[in-house]
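Visitor: Just dropping this structure here.
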Amino acid sequence: INKAKYEDLKKKKIKTKKREIKLLEEANFYSEEVRRIVSDTYGFEDLYKGGLSIRTPLNSNYQIEALKALREGLEEYDRRHGWRGPVTNIDIVDWQNNIHKFTPDKSLNWKLAKVIDVNKLTLKIEIEDKEIGFIDFKNVNWTRKKSFEDFLKLNDIIYVSKIKKNKWNLKQLPKINGAIVVMDPYTGRVLAMVGGFSFKLSEFNRATQAKRQPGSAFKPIVYAAALENGFTPSTLILDAP
169 INKAKYEDLK
179 KKKIKTKKRE
189 IKLLEEANFY
199 SEEVRRIVSD
209 TYGFEDLYKG
219 GLSIRTPLNS
229 NYQIEALKAL
239 REGLEEYDRR
249 HGWRGPVTNI
259 DIVDWQNNIH
269 KFTPDKSLNW
279 KLAKVIDVNK
289 LTLKIEIEDK
299 EIGFIDFKNV
309 NWTRKKSFED
319 FLKLNDIIYV
329 SKIKKNKWNL
339 KQLPKINGAI
349 VVMDPYTGRV
359 LAMVGGFSFK
369 LSEFNRATQA
379 KRQPGSAFKP
389 IVYAAALENG
399 FTPSTLILDA
409 P
């Protein structure tokens, strides 16, 4: 550049651009476990002020699928036990300002909705962003009820997930919980870890912090040895004396 250009640029302020940090909401349990281990190993100061660069073997695709599989399994089991009731009941116009403590985990893609009209086979709802939607009774047979009038009333607050356009599905937070860990059998690297249904509801990691019976913990080793020797899940074993 020439001197004139140099002098002109010299007068301008340097603008910095912050690096965009993308967070994988589905990996909250995994990242928190890493944070806990690093904190225990190196201490608080080094973790937050030491400029550490931490790399993990996390596979984002495995992580997303593991979380999806766990949630689907827990929801399926929970639905077999029927409907337990709405989140709460709020009889005010600006109900959206009173539901923050019930807001679901972002990765669930659920919304909170208010019941504004109840018929036997159709439920009219107002979503938290003021969108109007409908739920068909044919999609909620798992509630073990004969109609919407049997288990929901005006101003009930419920969880819903979108099917298409203005059609929604009724959701319920499972009472049961679980965990999934995906490991590379040759290296021991942890490729995915899910410690529960929702990190927002409970940060307790059931994969690493829960206590298990020794017998149950040993079962995967026995099953792995059997599969390695040609047995299948349908193989019959005679256990007579």
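Numbering (the working numbering), first residue to last: 169 to 409. The beta carbon of each residue, even a glycine, is placed where N, CA and C say it ideally should be.
(1) Mind checking whether threonine 184 and valine 202 have CB atoms under 8 Å apart?
(2) Would DSSP call valine 390 helix, strand or coil?
(3) Using a Cβ-Cβ cut-off of 8 Å (strictly less than) and excluding sequence neighbours within five positions of valine 286, which residues of its own chain qualify?
(4) If we call anything under 8 Å between Cβ atoms a contact, is isoleucine 325 one with alanine 237?
(5) Compare the beta carbon distance of glutamate 299 and lysine 282 with 8 Å and say whether it is the shorter of the two.
(6) Tell me whether methionine 351 is buried or exposed, calling it buried when 16 or more other Cβ atoms sit within 10 Å of its Cβ.
(7) Please go through the stretch 292-369 and give each complete beta strand (DSSP E) segment of 3 or more residues, from N-terminal end onward.
(8) Beta strand (DSSP E) containing alanine 412: first to last residue?
(9) Measure the CB-CB distance between alanine 360 and tyrosine 210 and report whether it falls below 8 Å.
(10) Can you list, in chain order, the residues of its chain whose CB lies under 8 Å from that of arginine 248, leaving out five sequence neighbours each side?
(11) Does DSSP put threonine 290 in a helix, a strand or coil?
(12) Exposed or buried, proline 409, counting other C-beta atoms within 10 Å across all chains shown (16 or more means buried)?
(13) State the beta-bridge partners of aspartate 285 as determined by DSSP.
(14) What does leucine 280 pair with, by DSSP beta-bridge criteria?
Guide: On the basis of the supplied data:
(1) To locate residue 184, count along the sequence shown from 1; it is residue 16. To locate residue 202, count along the sequence shown from 1; it is residue 34. No.
(2) Sequence index remark: in the sequence shown, residue 390 carries index 222 (1-based). Helix.
(3) Translated into the one-based positions of the sequence shown, residue 286 becomes position 118. Excluding residues within five positions, the ones whose Cβ falls inside 8 Å are Lys292, Phe316, Glu317, Leu320, Lys321, Leu322.
(4) Residue numbering aside, residue 325 sits at position 157 when the sequence shown is read from its first letter. Residue numbering aside, residue 237 sits at position 69 when the sequence shown is read from its first letter. Cβ atoms of isoleucine 325 and alanine 237: not closer than 8 Å.
(5) Residue mapping note: residue 299 aligns to position 131 of the sequence shown, counting from 1. Residue mapping note: residue 282 aligns to position 114 of the sequence shown, counting from 1. For glutamate 299 and lysine 282, no; Cβs fall outside 8 Å.
(6) Along the sequence shown, read from residue 1 onward, the residue named residue 351 stands at position 183. Exposed is the call here.
(7) 300-304, 324-332, 335-339, 348-351, 358-362
(8) Outside the shown range of the chain, which is 169 to 409, sits residue 412, and nothing can be said about it.
(9) Within the sequence shown, residue 360 is the residue found at index 192, counting from 1. Within the sequence shown, residue 210 is the residue found at index 42, counting from 1. Not a contact, by the Cβ cut-off of 8 Å.
(10) In the sequence shown, residue 248 corresponds to position 80, counting from 1. Closer than 8 Å at the Cβ level, and outside the excluded window around arginine 248, lie Trp310.
(11) As a position in the sequence shown, residue 290 is number 122, starting the count at 1. The answer is strand: DSSP assigns threonine 290 an E or B state.
(12) Numbered from its first residue, the sequence shown carries residue 409 at position 241. Exposed: under 16 other Cβ atoms inside 10 Å.
(13) The count along the sequence shown starts at 1 and reaches residue 285 at position 117. Its beta-bridge partners are Lys292.
(14) Residue 280 sits at position 112 when you count from the first residue of the sequence shown. Paired residues: Tyr327.
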